[in-house]
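For the sequence shown, my numbering begins at 51 and goes up steadily by one. Notes to accompany the following structure.
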Amino acid sequence: MIYAEYQEYMRNFFERYYQKLSQEEIYVTLPLGEAEKEMWSDDAAPDEEWKKWKLVPALVSDEEIKELEKEIGVELPLSLKAFLTVTHHCFDNPIGRNSVAEHFKGVKESWNPVLVRCGYLPFAWDKEGYFIRCIRLEKMPEEEECGIYQIDHEVLFDFDENTVTPEEIDQCMELISENLLTYLDEILYDRDCDSLQEASKKAVIRVLKEECGLQNYNELSDKIDDDEEFDKIITALKPIQKQYSISDDDLEEMLWATEYSANW
């Protein structure tokens, strides 16, 4: 694709994603000050701290892009350049904000010099703020072949940033999408790993409540401590495990994590 095609794709994506989220206004409402006034929706109340925001066509110069590239130490792929230059918005992760007042905030907040040096360009975080999302640059300029990977940010603390090798970082990376365009498509249609994980958690709790007769985490923890009861729970969850390709270890971890779920 040429740059103009990437720009058109990104413009269309942001419009459709905004339309999707704005079906529930809370998802496009933030505490916005005067610095973001240009992004206030037309019906926003000036005296209210929380305001609905709107998309604003971006005015980003080539000089500003060059400054960003110098700051992060790598030339932007055309797809990411278009992602950052067509529309100002306040989408949270896994998109990353790029508002009128804070250009490229998502990219700057996820930037990591070790990852860049090892061939990965960070551009956003996952929804929960555990994983850094990156474009693997190995096959540039063939952008359609540059996969999107994620790495648990805590893993990076285990390495000496002066001696860590690309091979060591590669082993910690998880491929989550074919390229930046498929990554955004999956988010738009709830096929991304964040959405699937959220859906699987809801499905697990639904089975625990409807099929296992459990109404809260305390009841679940009592059952987990009983091997026979625990086996019954696992058996009831087998269809969910298969549907979402959940490993045995991940399923057990999900059960313990339901203590912190708001879905009970």
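By construction, the Cβ of each residue, glycine as well, lies at the ideal position given by its N, Cα and C atoms. Remember, predicted model here, so these are calculated numbers, not experimental data.
Those residues which DSSP pairs with PRO81 across a bridge: TRP100
Neighbourhood of VAL205 by C-beta, 7 Å cutoff - its chain only, sequence neighbours within 5 removed: CYS222
Cut-off 8 Å between Cβ atoms - residues of its own chain near MET190, not counting five sequence neighbours on either side: Answer for MET190: PRO127 and CYS196, listed in chain order.
Under 7 Å between C-beta atoms of LEU200 and GLU217: Residue identity differs from the one stated: residue 200 is Gln in this sequence, not Leu. No; because the gap between Cβ atoms is not below 7 Å, this pair is not in contact.
Validate contact between the region 263-277 and the region 242-250 using beta carbons, cut 8 Å, 3 pairs: Taking 8 Å as the limit for Cβ pairs, the verdict is that the region 242-250 does not touch the region 263-277.
Between the CA atoms of THR308 and ASP50 - distance to the nearest angstrom: In the structure as shown, the chain starts at 51 and stops at 314, and residue 50 therefore has no counterpart that could be examined.
Inside the region 202-278 only - alpha helix (DSSP H) runs reaching at least 4 residues: 216-222, 230-238, 243-260 and 267-274
Cβ neighbour criterion (16 or more within 10 Å) applied to SER111: exposed
Residue nearest to ALA260 in terms of C-alpha spacing, selected from PHE173, TRP314 and PHE207: Sequence inspection shows Glu at residue 260; the Ala mentioned does not correspond to that position. For the residues PHE173, TRP314 and PHE207, the minimum Cα distance to GLU260 belongs to TRP314.
Where PHE42 falls: helix, strand or coil (DSSP): Any property of residue 42 remains undetermined from this structure, which presents the chain solely from 51 to 314.
Local Cβ density within 10 Å of TRP306, reported as buried at 16 or more and exposed below that: exposed
Boundaries of the beta strand (DSSP E) in which ALA174 is found, first to last residue: 170-175
Close Cβ partners of ALA94 (< 7 Å) along its chain, the five nearest in sequence each way excluded: LYS101 and LYS102
Cβ of ILE182 within 7 Å of any chain B Cβ: In summary, chain B is missing from the structure at hand, where a single protein chain is found.
Extent of the continuous beta strand (DSSP E) run through ILE182: 181-186
The region 273-292 contacting the region 224-238, beta-carbon criterion three pairs below 8 Å: no
GLN69, DSSP secondary structure in three states: DSSP places GLN69 in helix when its eight states are reduced to three.
Straight-line Cα distance separating TYR170 from GLU114: Cα to Cα, the separation comes out at about 22 Å.
Buried or exposed by the 16-neighbour rule on C-beta atoms within 10 Å, applied to ASN266: exposed
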